[in-house]
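Here's the structure we're looking at; comments come further down.
2 protein chains.
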Amino acid sequence: MASPEIDALTQALARLPGLGPRSARRAVLHLLKRRETALAPLVRALQAVEANMSTCDTCGNVDTRNPCGICTDSRRDVSQLCVVEEVADLWALDRARLFPGRYHVLGGRLSALDGVRPEDLNIEGLVTRIAAGGVEEVVLAMNATLEGQTTMHYVADRLEKLPIRITQLAHGVPVGGELDYLDEGTLAQALKARRPVS
Amino acid sequence: MASPEIDALTQALARLPGLGPRSARRAVLHLLKRRETALAPLVRALQAVEANMSTCDTCGNVDTRNPCGICTDSRRDVSQLCVVEEVADLWALDRARLFPGRYHVLGGRLSALDGVRPEDLNIEGLVTRIAAGGVEEVVLAMNATLEGQTTMHYVADRLEKLPIRITQLAHGVPVGGELDYLDEGTLAQALKARRPVS
Chain X
1 MASPEIDALT QALARLPGLG PRSARRAVLH LLKRRETALA PLVRALQAVE ANMSTCDTCG
61 NVDTRNPCGI CTDSRRDVSQ LCVVEEVADL WALDRARLFP GRYHVLGGRL SALDGVRPED
121 LNIEGLVTRI AAGGVEEVVL AMNATLEGQT TMHYVADRLE KLPIRITQLA HGVPVGGELD
181 YLDEGTLAQA LKARRPVS
Chain E
1 MASPEIDALT QALARLPGLG PRSARRAVLH LLKRRETALA PLVRALQAVE ANMSTCDTCG
61 NVDTRNPCGI CTDSRRDVSQ LCVVEEVADL WALDRARLFP GRYHVLGGRL SALDGVRPED
121 LNIEGLVTRI AAGGVEEVVL AMNATLEGQT TMHYVADRLE KLPIRITQLA HGVPVGGELD
181 YLDEGTLAQA LKARRPVS
């Protein structure tokens, strides 16, 4: 029914995570009804990102600058390095400015199933970066999944000989979590890592 | 943390219906990771729509052609006209090719609260269109809300003198609906309009 241009736009939007065919159609209608206030700004914003985006050669973050805004931020503590699987993890951690240091994106996790081997991840870059000096602590912030933890242990082994402190995220009951709904693994970790009431 | 360009894109996407700040951020990451397969096609699709979109002078549909694809479709039955509140309603009805005729978009509904008066809707255009001849039936497909039904009765009154059949959508139990969960108004309508088991 709709024109090929509108169909193409609906399909392009429907491929975004969080949008399906129905919500993409609603989004297209929203854009068509607000040509100046919604459609035009979105086109401009996408063009700006498309024209300028690049991957940071230092940390693997995606930004419109290279090196990225985090790597060039002089207020950041260069002695702390947080290693994550994906850019999404970096953004999640950095959103609340939780970590004062810099990051290193591996670009995935080791996975026998998906055929991801150590050489497919940016582990060499990490070793080189640490060997260049200045880093005192490396926080391994992989996902608490089997593959994430496998990757963490592999990276920890690779960094073992370097004169740095290697830490990992704490496991336990998530804030707001109800014991009733938690899996046994989480409960076991939370119990194992219990600490005096402060 | 992110560059101004990425922030601007996140905000533009977050304003789409169905997307919030979190899902917009996920969508941006998705686009950044897939520059050739996701970002570029979306930019092209948006540009094509922005360059070509217009409102159909005949029916009020939004399309990249004017008159729109429906109004110029010679396979459509010109004797049937379906009047809807918004372009979204037209698309919803036409998605499954349920209606063989053409449409007329009023551009809203009468609303004392929002200050929408009859002259704010495209009712004159509807009268002119019918007066031009060829239309035998007008289906008033307004929403089953108070304002939608008020609008329907107003439009029906305006068309009363014209030599056409005026119909409205059936009310009743939606397909898949459970009586248990339906409101009294729907149940009353479904009971009133009951028909022999066929």
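Protein chains in written order, with the UniProt record's numbering: chain X, 1 to 198; chain E, 1 to 198.
All C-beta atoms in this analysis are idealised placements derived from N, C-alpha and C, irrespective of residue type, glycine included.
Remember, predicted model here, so these are calculated numbers, not experimental data.
Classification of E:Leu113 by the beta-carbon crowding that lies within 10 angstroms, buried from 16 upward: exposed
For X:His153, the first and last residue of its enclosing beta strand (DSSP E): Run containing X:His153: none in the beta strand (DSSP E); it sits in the alpha helix (DSSP H), 146-159.
6 Å Cβ shell around X:Leu169 - same chain, five flanking residues per side excluded: Answer for X:Leu169: Ala141, listed in chain order.
Supposed contact pair E:Ile70 and E:Cys59 - C-beta distance, whole angstroms, cut 8 Å: 7 Å
Min CB distance E:Met152 to chain X below 8 Å: E:Met152 does not count as touching chain X.
Nearest-angstrom Cα separation, counted from X:Asn52 out to X:Arg76: 24 Å
The region 86-106 of chain X in contact with the region 42-50 of chain E per 3-pair CB rule at 8 Å: Short answer: they don't touch.
Element boundaries [beta strand (DSSP E), containing X:Leu81]: 80-84
Proximal residues, the region 45-61 of chain X versus chain E, C-beta separation under 8 Å: Per Cβ criterion, the list reads Ala45, Leu46, Gln47, Ala48, Val49, Glu50, Asn52, Met53.
Residue from E:Glu178, E:Arg117, E:Gln11 with nearest C-alpha to X:Thr37: E:Gln11
Partners in chain E for X:Ser23, counting only beta-carbon separations shorter than 9 Å: Leu16, Pro17, Gly18, Leu19
Cβ-based burial, X:Thr151 [other Cβ within 10 Å; buried from 16]: buried
Closer than 8 Å to chain E by CB, X:Ala40: yes
Neighbourhood of E:Leu182 by C-beta distance below 7 Å, restricted to the same chain and skipping five residues each side: Val173
Cβ shell of E:Arg109 (< 6 Å), same chain only, five flanking positions each side left out: Glu85, Glu147, Gly148, Thr151
Nearest neighbour of E:Leu19, chosen from X:Leu46, X:Leu162, X:Ala27 [CA to CA]: X:Ala27
Coil, strand or helix - X:Asp120 by DSSP: The DSSP-derived three-state label of X:Asp120 is helix.
Within-8 Å CB hit, X:His104 to chain E: Under the Cβ criterion of 8 Å, X:His104 is not counted among the residues facing chain E.
Amino acids of chain X, ordered along the chain, whose beta-carbon sits closer than 7 Å to that of E:His30: Leu16, Pro17
Within-8 Å CB hit, X:Asp63 to chain E: yes
C-beta neighbour in chain X for E:Arg26, strict 8 Å: yes
8 Å contact criterion, which X:Glu5 and E:Val49 should meet: CB distance rounded: Contact holds; Cβ gap of about 5 Å.
Selection from E:Ser3, E:Pro21, E:Ala144, E:Ser54 that minimises the alpha carbon distance to X:Thr72: E:Ser3
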